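Numbering (full-length UniProt numbering), first residue to last: 1 to 207.
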């Protein structure tokens with residue numbers, strides 16, 4: 001990375017924040033220059049440009065060397081905010097970014113303290129397979145003795161039971177691991193019993 005790592009990430013964050021879906025400028029918490037961010041993002045549609053920048057941030061979240069910078073730039077908050085967007089691609093990249101970040105203890109604690117579990121659970125109902133897989137994986141990483149009651153709440157366990165029966169091998173295997181490693185036999189049995197008496201469930205993602 002030719003630019004300083006922090007400076008480059010600052011430019012990406014600002015590129016994302018300065019323009020909303022209508023082309024209006026938002027107030028930015030970071031008054032930073034974006035002149036060094038790749039200019040081709042400006043030739044894309046506004047939605048495509050936002051998607052590309054968020055995808056870049058999610059990719060940088062894979063590198064532990066960027067964790068401190070991403071926290072400093074409030075990228076964890078940005079990812080959490082994007083989980084409630086109508087644009088499924090933005091949700092996918094934000095969920096992927098959080099999945100990359102939550103392996104780190106400090107990031108994990110931040111997400112939990114920011115009440116991030118609930119919007120992540122809501123992503124289990126996405127029709128996007130990548131979003132759902134990232135959400136399941138993230139719930140695994142976020143499970144601690146303190147958070148277990150929330151990450152393995154009954155609706156979540158019910159959802160994992162349904163996912164474990166999916167024809168999608170990737171999803172079914174991941175859900176089976178969640179049930180075996182993160183849920184007690186009593187939780188699984190309670191969810192299985194309840195599922196027999198209800199027709200409501202989180203829909204499976206599209207293949």
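Glycine included, each C-beta is placed from N, C-alpha and C at the ideal position.
Please read all numbers here as calculations on a predicted model, not as lab measurements.
- Looking at 177, 168, 131 and 187, the one whose alpha-carbon comes closest to that of residue 98 is 131.
- Between residue 176 and residue 166, the CB-CB gap reaches or exceeds 8 Å.
- DSSP places residue 128 within a strand segment (E or B) once states are collapsed to three.
- Of the residues assessed, residue 187 falls on the buried side of the cut-off, its CB having 16 or more other CB atoms within 10 angstroms.
- For the pair residue 100 and residue 185, the Cα-to-Cα distance works out to about 29 Å.
- Taking the C-beta atoms as reference points, residue 90 is found nearer than 8 Å to residue 51.
- For residue 4, no alpha helix (DSSP H) encloses it, and the DSSP letter there is neither H nor E.
- For residue 18, there is no enclosing alpha helix (DSSP H), as DSSP gives it neither H nor E.
- Residue environment for residue 108: buried (at least 16 other C-beta atoms within 10 angstroms of its C-beta).
- If you draw a straight line from the Cα of residue 49 to the Cα of residue 15, it is about 9 Å long.
- Judged by beta-carbon spacing, residue 142 lies within the 8 Å limit of residue 151, meaning their Cβ atoms are closer than that value.
- For residue 77, the secondary structure class from DSSP, reduced to helix, strand or coil, is helix.
- Counting every other CB atom within 10 Å of its CB across the protein chains shown gives residue 47 a total below 16, marking it as exposed.
- Per DSSP, reduced to three states, the secondary structure at residue 68 is helical.
- Per DSSP, the continuous alpha helix (DSSP H) segment holding residue 150 begins and ends at 148-151.
- Shortest Cα-Cα distance from residue 84 to any of 133, 10 and 116 involves 116.
- DSSP places residue 116 in the coil class of the three-state scheme, outside both helix and strand.
- The beta carbon of residue 193 is closer than 8 Å to none in its chain, skipping five residues each way along the sequence.
- Linking residue 17 to residue 4 through their CA atoms gives a straight-line distance of about 20 Å.
- If you ignore the 5 residues before and after residue 119, its C-beta comes within less than 8 Å of the C-beta of 80, 83 and 84, all in its own chain and listed in chain order.
- DSSP, read as helix, strand or coil, puts residue 161 in helix.
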